[in-house]
Structure formats: C-alpha cells, structure tokens
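As they're listed, the protein sequences go chains A and G. Per my numbering, the very first residue in the first sequence carries number 1; after that it's consecutive. Per my numbering, the very first residue in the second sequence carries number 1; after that it's consecutive. Yeah, the Cβ is synthetic: ideal placement off N, Cα and C, and Gly gets one too. Written below as structure tokens is the structure these notes are about.
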Amino acid sequence: FPAQLRPESWSSIDLEKVKGYLDKFFPVFSKTQNLSIEERIKEMQKFFHLTVTGKLDTETEEIMKLPRCGMPDISE
Amino acid sequence: YQTLPGTPKWKKTHLTYKILSYTSDIPRKNVDDAIKRALMVWSDVTPLQFRRVYGRQADIEIRFARREHGDGAPFDGKGGTLAHAFGPGEGIGGDAHFDNDEKWSDVNKDVNLFLVAAHEFGHSLGLDHSNVRGALMYPIYSYRNPETFKLPADDRQGIQKLYGKKSS
C-alpha cells in the first residue's frame, strides 16, 4: 500500500496556521529573542510533554486542533 | 500549577459576579446554575465567597460573545478557542468571556459550560495554565462527568497557594 505522504516542507498555509497558534499561545516576548519556528515548536512540545522534535509531526498537529482556552500557555 | 505573571490576586475574599449575556444553547437557569457551580469549585477549597449582583459592576463579569467583542482578543468561530478570562484586577480584570459560536451544553459531551467556566474562573482568580494533564487548568478541553467532578490536587494546591485553605 502506498504510504501516506507528507510534504517535506510545510505549505504556506500550514506555516501560517502554526505561526498563528504559536503567536497566540506561545508568544515571543522579547524583540531580541529571535527564535526559529522549530525552536518555538519545541517549546510547545515541551509544555505538552510531547516528543520534542521541533517538527510539525502528527501528535503536535493534533494538539493544535483540539478545542482549548484562549489564554497563552506561557506568559511573561 | 502556575500563577499568572506577577502573581495577581484579589485582595478581598468576598467577590461579586454578574452574568451580562447568555447562550441560546442552554436554558438561562441552567447557565446560572453551571456558573454558580463552577465558582463553587474554587470557593469550596478556599476562603473565597461569591455573590451574584445584577445592577452594579461586578468583580467577575461573564458574557457570551462572538468574534471581535471589544477586548482585542476576538473569538474564532466554532472549535479552536472556547473561552478566555482576565486575571484579578480592576475593570476587565477577572472577567470571563465564552465563545457563542460553540455549541454549549450542560448535560452531554458537547462543550460543557460548567467545565469551561470552572477553568476560566481559575484565571479570574489568578491561576495560569498548568502543564499537568488532567488538571482543570490544563489548557486543552477534555470532558469529564460534571456530576462527579472533583478539583484535581494540582489546581487545589495552586489556588490555596494564593488564597489559603477554607477554614473548617
């Protein structure tokens, strides 16, 4: 059976959604803090006790889709 | 558990609340009851007491709203964000807003108002999100039976850190 393929790089829609989620729930507070999207995903994965890959894997994506509170998960 | 940044807390133990608007998914009296029980989750384990007011401004003002609703944090339609609340403070501080695009329920496993309200009131009182799965202040919604709900230890420890234990 053909394996379900995931594109190697994220589509712009994926990236936009992921950024939107991270900006809302895992905001970067310091302007000098120049974190890559991978580092920000890692931060989210640590919070939710997921396997820390820095990639938008299935379990990370599933968490992002779940209904939740609108307050950030990390705050200054 | 975590407390909100700066550890804001109410400087009084008698707090007021007001319900400004309702969802049409649940009869009004059931909304009233769910809100009352959600506040009791916290007053049962601390010296805090809640009293409903109607005319004047309340410490915790509760409303159902859709999309942009005046606080700069618009809701996103069905799914996604269910509600949000503001930490202790004057004005909007303590207020809790519920997304009226959700299908709210007080009896079945649609988004249960009591469970979400109890979580939001944790913010209203000064708790931040917990990363302990199963804690009420965990940010992801999960259903549990409201009839048998017991405040998890993580949340109880957090709120008692802020306000102390209920005297017997």
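- In terms of Cβ geometry, residue 137(G) and residue 151(G) do not form a close pair [threshold 8 Å].
- Taking a C-beta distance under 8 Å as the contact criterion, residue 56(A) and residue 40(A) do not qualify as a contact pair.
- In this structure residue 73(A) is buried. Its beta-carbon is surrounded by 16 or more other beta-carbon atoms within 10 angstroms.
- At a cut-off of 8 Å between beta carbons, residue 111(G) contacts chain A.
- Chain G places a beta carbon closer than 8 Å to that of residue 68(A), counting this residue as a contact.
- Chain-order list of chain G residues neighbouring residue 16(A): empty, with the shortest C-beta distance near 14 Å, by a criterion of under 7 Å.
- In this structure, DSSP gives residue 112(G) an extended state, which the three-state scheme calls strand.
- Closest in C-alpha terms to residue 70(A), from the list 71(G), 75(G), 70(G), comes 75(G).
- Using a Cβ-Cβ cut-off of 8 Å, residue 108(G) does not count as an interface residue toward chain A, since no Cβ of chain A sits closer than that to its own.
- At a cut-off of 8 Å between beta-carbon atoms, residue 61(A) makes no contact with chain G.
- At a beta-carbon threshold of 7 Å, the residues of chain G lying near residue 47(A) are 131, ordered along the chain.
- A residue is called buried once 16 or more other Cβ atoms fall within 10 Å of its Cβ, and residue 68(A) is buried on that count.
- For residue 16(G), the enclosing beta strand (DSSP E) stretches over residues 14-19.
- Interface flag for residue 73(A) against chain G is set, since a Cβ pair is found closer than 8 Å.
- Annotation for residue 98(G): no alpha helix (DSSP H) segment contains it, though the beta strand (DSSP E) segment containing it runs 96-99.
- Contact note: residue 123(G) reaches chain A through 71, using a C-beta cutoff of 7 Å and chain order.
- Residue nearest to residue 132(G) within the set 49(A), 65(A), 28(A), 75(A) is 49(A) (criterion: CA-CA distance).
- Taking 8 Å as the CB threshold, residue 39(A) stays off the interface with chain G.
- Using a Cβ-Cβ cut-off of 8 Å, residue 43(A) does not count as an interface residue toward chain G, since no Cβ of chain G sits closer than that to its own.
- Proximity of residue 159(G) to chain A, defined by a Cβ-Cβ separation below 8 Å, is not satisfied.
- At a cut-off of 8 Å, the C-beta of residue 139(G) has a neighbouring C-beta in chain A.
- Shown here for residue 144(G): same chain residues with a beta carbon closer than 8 Å to its own, the five before and five after excluded, namely 115 in chain order.
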